[in-house]
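Asks: Right, I'll just put the structure down here and ask away after.
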Amino acid sequence: MNKTNQIILNHTFGKSFRFGKQDTSKILLPLIYFYGLLKKPIINQKTISGKHLIFDINVNAKETRIAYLNYYNGTKGYEFIVLDDFIGFTSNKQKIWFTLFNLPLVGLSFLTSLFYKDKSSFALLIQHKLQWKNLMEALKNNVNTEIYYYCIYDNSSNYLADKLLKLEHKIIKITSLAPISMWNSNILTDTLVVNTAYQLDEAEHFANTIQANNIIQWGPERSHEYIDLYEDKDLSIGKNKIGFYSTGGWIRAKQDHMDQGLNIIDNENTVLRLLQKVVDQNKTFKLTIFLHPKEKKLGLDQVREHYNLILNSHNFKINDTKLASSHCFQDVDLAVAFHSSIIYERLFMGFKTILYPVGMDKFNFPIKNSSIKNICAETENELEQMIILAMNQCDNLFFEKNNLKQYIYPKPKIHTN
């Protein structure tokens, strides 16, 4: 099997986020999911005429994606395409013929899935074929397009990219802020746009499973919204304040979101209790908790009760502003987190940050020889020492000592193979 096919295979049969944690192990999942496709109402046949396309799954991301591309790539009249709009049958005739031709695939997927605990990727195979059939029809009179491809974690992304590349469309895949090693280590594209300096290191590390002619670094997904806010930092605002960034893991667990295979809740609680200890022992320090968007939706009273129980204390502040956390970096001197996408945004804007990524070695994080290892604590004792040291360093010294200067904006880099 050549490199291209191996990348497609690895990703197609990787973890899917389209199902709840409990659904993935249902014995009949491939059959149930196919039946669900047959029951879907008939969809409209679409036509794609634009030359600069944005592919995404998130229908609400249109304005953010276009603004980001306008900032880093120039204004080109982008057309936003929701890939999930192509999952369905455009007529009853198509439904009948597609079903007849693909029943063997449905049966084979079901039989094969019986030997695997996670059956989600097998259930999605028939969807990938249907999605491509409709997408190909929509693009049949459109050639040589530029496709800015988001949601590359989706199982269909390399399968669809391969089909599109063979039709001579240009594919530009754009990563999220999550490390490539977590869900995106298999990538097929013309150009890969990474969000962080760490992902540049990862792209080199995963060269055997990433096929791209060019690798470019732009900024984090929403960096265009806050870059100008920090042209003149007022570091006095965050003096002696430590910030904790929550992943909202405890809410995700209640909502049966796909488990990432990490003991996030316990690890975050460990970080919180250690921060409380540091603040109690250093009376000039203060602790601020920055909420995940899912926590903000719950309401402040319920969230405060949750953290009161964890810390058995009221000696902390919750950052309850309606502003995004990325707009409040200067409110704290140092940020500490188990692991969160927000930490890459802080580093991008030159603010001190420390991680306690316990268990993330299963995702090969942090990779060897990466500077980010210098701010990753492996034990509670090391984390405490790193916090005390960082609180006594200015931002510039912190980034210099930890060899992180390349993480700070603006540091665009282009790699051409």
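In terms of our numbering, the sequence shown opens at residue 74 and continues consecutively.
Where a beta carbon is used, it is the ideal one built from N, C-alpha and C, also for glycine.
It should be emphasised that the depicted structure is a prediction, and the values quoted were computed from it without experimental measurement.
1) Can you tell me whether I130 is helix, strand or coil according to DSSP?
2) Secondary structure at L302, three-state DSSP: helix, strand or coil?
3) Hey, I494 and Y226: beta-carbon distance below 9 Å or not?
4) Tell me the DSSP secondary structure of F90 in three-state form.
5) Can you check whether the CB of V431 is closer than 9 Å to the CB of G316?
6) Would a C-beta distance cut-off of 9 Å place V179 and P103 closer than the cut-off?
7) At which residues does the alpha helix (DSSP H) containing T85 begin and terminate?
8) Can you tell me the Cα-Cα spacing of P485 and I416, whole angstroms?
9) The beta strand (DSSP E) that contains F159, what's its start and end?
10) Figure out for me which residue from K190, L428, L173 and F424 has the closest Cα to the Cα of K413.
11) Tell me the rounded alpha-carbon separation between Y271 and Y106.
12) What does the alpha-carbon distance come out to for the pair K314 and L407?
13) Using a Cβ-Cβ cutoff of less than 7 Å, which residues in the same chain neighbour H278 once the five nearest sequence positions on both sides are dropped?
14) Among residues of its own chain, excluding the 5 on either side of T185, which ones have a beta-carbon nearer than 8 Å to its beta-carbon?
15) Cutting at 7 Å between CB atoms, please list the residues of its own chain near E368, excluding the five before and the five after it.
16) Please state the DSSP three-state secondary structure of G423.
17) Keeping to the same chain, check which residues put their C-beta closer than 6 Å to that of N340; ignore five residues upstream and five downstream.
18) Could you say which of Q79, D235 and M459 lies nearest to V409 if we only look at CA atoms?
19) For N259, tell me which candidate among K243, A276, V266 and I245 has the shortest Cα-Cα distance.
20) Under the three-state reduction of DSSP, which class applies to N475: helix, strand or coil?
21) Can you list, in chain order, the stretches of the alpha helix (DSSP H) that have 4 or more residues and sit fully within the segment 266-292?
22) If you reduce the DSSP assignment to three classes, tell me which class N175 lands in.
23) If you measure between the beta carbons of L156 and Q118, is that distance less than 9 Å?
24) Can you tell me which of I448, E453 and E457 puts its alpha carbon nearest to the alpha carbon of F471?
25) Excluding the five sequence neighbours on either side, which residues of its own chain have a C-beta within less than 7 Å of the C-beta of L302, listed in chain order?
26) Shortest alpha-carbon distance to E455 belongs to which of L382, K395 and V351?
27) Pull up the distance between the alpha-carbon of M331 and that of G93, whole angstroms please.
28) Have a look at Q200 and I160 and give me their C-alpha separation to the nearest angstrom.
29) For the segment 387-395 and the segment 358-367, state whether three or more C-beta atom pairs, one from each stretch, are separated by less than 8 Å.
Replies: Put simply:
1) coil
2) helix
3) For residue 494 there is no data in the structure shown, the boundaries of the chain being 74 and 490.
4) coil
5) no
6) yes
7) K76 to T85
8) At P485 the pLDDT is 44, less than 50, meaning the model places this residue with poor confidence and gives no usable figure here.
9) It is not in any beta strand (DSSP E) - F159 carries neither H nor E in the DSSP assignment.
10) Inspection of the sequence shows that residue 413 is occupied by Ser rather than by Lys. Closest by alpha carbon: L428.
11) Cα to Cα, Y271 sits roughly 37 Å from Y106.
12) 7 Å
13) If we look at H278 and ignore the five residues flanking it on each side, its Cβ neighbours are I440.
14) F195
15) S319, G321, I324 and V376
16) Of the three classes helix, strand and coil, the one that applies to G423 here is coil, per DSSP.
17) F411 and V431
18) M459
19) Checking every option, the nearest Cα to that of N259 belongs to A276.
20) coil
21) 270-278
22) helix
23) no
24) I448
25) H400
26) V351
27) Reliability of the predicted coordinates at M331 is poor, the pLDDT of 48 falling under 50, and the value obtained from them is presented with this limitation in mind. Looking at the two C-alpha atoms, the distance is approximately 5 Å.
28) 7 Å
29) yes
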